[in-house]
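Going down the list, the protein sequences come from chains A and B. Take the first sequence: its position 98, counted from the start at 1, is 98 in this note's numbering, and no numbers get skipped. Take the second sequence: its position 35, counted from the start at 1, is 35 in this note's numbering, and no numbers get skipped. Beta carbons are placed, not taken as given, at the ideal position from N, Cα and C, and that holds for glycine. The next block holds one structure in the form of structure tokens; read it before the comments.
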Amino acid sequence: TQLSEKELEKLAEEFKLTLITNDVALEVAEKLGDILKEKLAGMKFKRFTDPTQQIREVMSNVIEEILPEENNLEKMFMEIEEKKSREPYVVLFVGPNGGGKTTTVVKFAKLLKDRGYSSIIAASDTFRAGAIEQLKKLAEQVNVRVVSQKYGADPAAVAMDAVMSAKANMIPVVLIDTAGRTEVDINLLEEMKKIKKVVKPDKVIFVGDALMGNVVVEQARRFNEYVGLDYIILSKFDADARGGAALSISYVIGKPLLLVGVGQRLEDIKPFNKKLFREILLK
Amino acid sequence: SLSELLRKAVSKLMSSTSVDEKTLNEFIRDIQRSLLISDVSVELVQKISENIRKRAVQEKIPTGLSKKEHLLKILYDELVKLIGEEPARLDLPKDRRYVLMMVGIQGFGKTTSTAKLAYYLKKHGYKVGVICADTYRPAASIQLEQLLKDTGIPVFKADGIEDVVEIVKRGVEKFTSEGIKTILIDTAGRHKSQETLMEEMKKLQEAIKPDEVMLVIDAGIGQQAGAHAEAFHKAAPIGSIFLTKVDTSAKGGGALSAIAVTRARIKFIGTGEKIDEIELFDPVGYVGRLLG
Ligand SMILES: Nc1nc2c(ncn2[C@@H]2O[C@H](COP(=O)(O)OP(=O)(O)OP(=O)(O)O)[C@@H](O)[C@H]2O)c(=O)[nH]1
Ligand SMILES: Nc1nc2c(ncn2[C@@H]2O[C@H](COP(=O)(O)OP(=O)(O)OP(=O)(O)O)[C@@H](O)[C@H]2O)c(=O)[nH]1
Ligand SMILES: [Mg+2]
Ligand SMILES: [Mg+2]
Chain A
1 TQLSEKELEK LAEEFKLTLI TNDVALEVAE KLGDILKEKL AGMKFKRFTD PTQQIREVMS
61 NVIEEILPEE NNLEKMFMEI EEKKSREPYV VLFVGPNGGG KTTTVVKFAK LLKDRGYSSI
121 IAASDTFRAG AIEQLKKLAE QVNVRVVSQK YGADPAAVAM DAVMSAKANM IPVVLIDTAG
181 RTEVDINLLE EMKKIKKVVK PDKVIFVGDA LMGNVVVEQA RRFNEYVGLD YIILSKFDAD
241 ARGGAALSIS YVIGKPLLLV GVGQRLEDIK PFNKKLFREI LLK
Chain B
1 SLSELLRKAV SKLMSSTSVD EKTLNEFIRD IQRSLLISDV SVELVQKISE NIRKRAVQEK
61 IPTGLSKKEH LLKILYDELV KLIGEEPARL DLPKDRRYVL MMVGIQGFGK TTSTAKLAYY
121 LKKHGYKVGV ICADTYRPAA SIQLEQLLKD TGIPVFKADG IEDVVEIVKR GVEKFTSEGI
181 KTILIDTAGR HKSQETLMEE MKKLQEAIKP DEVMLVIDAG IGQQAGAHAE AFHKAAPIGS
241 IFLTKVDTSA KGGGALSAIA VTRARIKFIG TGEKIDEIEL FDPVGYVGRL LG
């Protein structure tokens, strides 16, 4: 038998509501609901058997197709290895206010260090109160050097300073921490664009907050529009975040989720696990 | 006014020729979509929808209102029930000691909002002091000091003391002896799964008994807002809310869930990163953003 239009509509609604409750943005949940309807509409189910399990599998597949691929961290390590004897591999970190950039940059430096790669961090947040001191204190915990100038200095200049220093000292990686910015502040979006233009990073990573709802769609779109994102890192997963933000961002700009932050200690960062996400999103 | 704004937001309803079952369903459907896009919780959206439907069917239309105006009035009532209809007023006492403790999830804007509120109060004639009770975040007190550096507002910080209760007790003592009446306490970011930190906040509230505990909420928060607010409220009863980052494209619907579980009202909003980017909460502006 096939599902009736009424049954399809009911299942799509249930699916949408589950996704929305798990923080998937409304426009993404609606699109996924439509995709589910299309997939289920064509299917034939055995008479007199409960189709629930089969339907759950289709729902899981809809999510699976949107979620980004895994293992990008390994790809990145290979690129760093390939480049290390020639010149520094530069990674630019950007994102909204309070999303976890500074903490994530130092977590990333620790990840690199554990893999045998030293790095230098550029204190390119020259605006926010206490930003330079916060970064220095965090970096001290893992013995990573920070290159900084004064508050009010040009973020791109600080970044180039760090790149020069890495070149002079044969340090393979430069990580650039930048100031938080909103997706509606044109001046700051332009500033971010200029930093990328001057520094020419190998990768641009967006660090966002997994607790955010519909705003992540506009954030991802606008940041990607201005500076072109390579990877996404979502922090605060330990705060009982349901992961919907990951699905929304992936659907809207299709960039891979590299890592997730799972706490405030510098070891609290993990690779993105697709299976775990699928399970959480369908609860 | 709030009612004019609702009328504009629901213009589709106003332009339809009658209110039959189909129009009512479309009206509710449109409201639901607007609220969900604004991050209002699914639970709250369903509750509001049920109330609108029930009252639309059961209630006798008040004299002088059309069926359409009645629907608008119901929506108005449902929203006002939660957020109130009057703009927030500055109601802190000036002449006696008043201790206000800021709490909230990591990165939501507590430190910045504490500085903003301190400066705002000083400009309105209050004698203000700020205590840094965040012993976790690197350079937390430096951040506060830098934010407040041109305001003349004193910052009391730990200097070697690990216990937040001890820090706050000493800070309150010192400020009181200096004639400072209004004391703001910035605390460390925490969330409901961090039991030790939630316990610390509970102990701090019980030991200090602040006059007000203000929950700082990021306007971008999604469906988890209610659960987090509830956990904070259980540990330290929330008296008011400071909604930050209203200058983003976020609509702040998560705050409604926080209001629903704490019965607290939004007192202030943060409209940017600078120390003067703070405003008293105005429900008209909030509902306008909520209904798109
Ligand atoms: N629980 C938890 N907290 C985190 C995580 N990542 C960062 N934080 C905390 O979130 C807060 C903000 O982190 P920051 O690293 O300062 O964020 P940021 O994006 O650099 O902030 P701005 O530079 O001000 O825009 C700090 O208290 C961090 O400890 C995480 O994965 N889990
Ligand atoms: N755009 C915007 N940014 C804000 C607002 N309020 C705070 N911020 C920014 O949000 C980021 C985090 O603010 P903090 O005050 O450090 O947040 P916090 O809650 O004290 O963070 P923790 O102490 O780590 O938990 C900073 O970059 C602030 O400048 C606001 O109203 N609008
Ligand atoms: Mg930072
Ligand atoms: Mg703080």
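Relative to ligand 3, the nearest heavy atom lies less than 7 Å away from the CB of A131 (chain A). Annotated three-state conformation of I80 (chain A) is helix, per DSSP. At least one CB of chain A lies nearer than 8 Å to the CB of A139 (chain B). Separation of I161 (chain B) and I167 (chain B) (C-alpha to C-alpha, rounded to the nearest whole angstrom) is 7 Å. Ligand 1 approaches A179 (chain A) closely enough that one of its heavy atoms is under 7 Å from the residue's Cβ. Q106 (chain B) has its Cβ nearer than 7 Å to a heavy atom of ligand 2. Look at T17 (chain B) here: in three-state DSSP terms it is coil, with no helix or strand label. Sorting B:L72, B:D77, B:N51 and B:I61 by C-alpha distance to the C-alpha of L13 (chain B) places B:L72 at the top. The criterion of a C-beta distance shorter than 8 Å is satisfied by S113 (chain B) and M102 (chain B). L17 (chain A) belongs to the set of residues whose beta carbon lies under 8 Å from a beta carbon in chain B. Under the DSSP definition of a beta bridge, Y126 (chain B) lacks any partner. Distance between G152 (chain A) and S124 (chain A), taken at the CA atoms: about 10 Å. Between the stretch 202 to 219 of chain A and the stretch 246 to 255 of chain B there are three or more C-beta pairs closer than 8 Å, enough to call the two in contact. Selection B:K67, B:A235 and B:G222 evaluated against L44 (chain B) yields B:G222 as nearest (Cα-Cα).
The set of residues with any CB-heavy atom separation to ligand 3 below 5 Å comprises, in chain order, A:K101 and A:T102. At a threshold of 7 Å, T104 (chain A) counts as near ligand 1, since its beta carbon sits closer than that to one of the ligand's heavy atoms.
The stretch 87 to 105 of chain A makes contact with the stretch 177 to 185 of chain A: 3 or more CB pairs, one atom from each, lie closer than 8 Å.
Listed along chain B are G220, T248, S249 and A250, each with a C-beta nearer than 7 Å to that of V215 (chain A).
Legend: CB atoms of the stretch 186 to 198 of chain B lying less than 7 Å from CB atoms of chain A belong to residues H191, K192 and S193.
Counting C-beta pairs closer than 8 Å gives fewer than three between the stretch 101 to 120 of chain A and the stretch 111 to 127 of chain B, which falls short of the contact rule. Linking L6 (chain B) to F175 (chain B) through their CA atoms gives a straight-line distance of about 46 Å. Judged by DSSP secondary structure, Y98 (chain B) falls within the beta strand (DSSP E) whose first and last residues are Y98 to G104.
Of the candidates A:S235, A:V106, A:A166 and A:L135, A:A166 places its Cα closest to the Cα of R86 (chain A). If you draw a 10 Å sphere on the C-beta of N71 (chain A), you find fewer than 16 other C-beta atoms in it, and that means exposed. Under the three-state reduction of DSSP output, D34 (chain A) falls in the helix class. For the pair I28 (chain B) and R55 (chain B), the CB atoms are not nearer than the 8 Å cut-off.
Rounded to whole angstroms, the gap between the alpha carbons of V144 (chain A) and I232 (chain A) is 23 Å. Closer than 8 Å to the CB of E183 (chain A) there is at least one CB belonging to chain B.
Contact holds between the stretch 17 to 27 of chain A and the stretch 242 to 249 of chain A, because three or more Cβ pairs, one in each stretch, are under 8 Å apart. For D177 (chain A), no chain B residue has a Cβ inside 9 Å of its Cβ, as the nearest lies near 13 Å away. Within the stretch 83 to 112 of chain B, contact with chain A at the beta-carbon level (separation under 7 Å) is assigned to I105, Q106, G107, F108 and G109. In this structure, V246 (chain B) has its CB closer than 7 Å to one or more heavy atoms of ligand 2.
For V80 (chain B), the three-state secondary structure derived from DSSP is helix. Taking all protein chains shown into account, E145 (chain B) has 16 or more neighbouring C-beta atoms within 10 Å of its C-beta and is therefore buried. Residue contact check for M212 (chain A) against chain B: a CB pair falls below 8 Å. In the displayed model, V58 (chain A) falls within a helix according to three-state DSSP.
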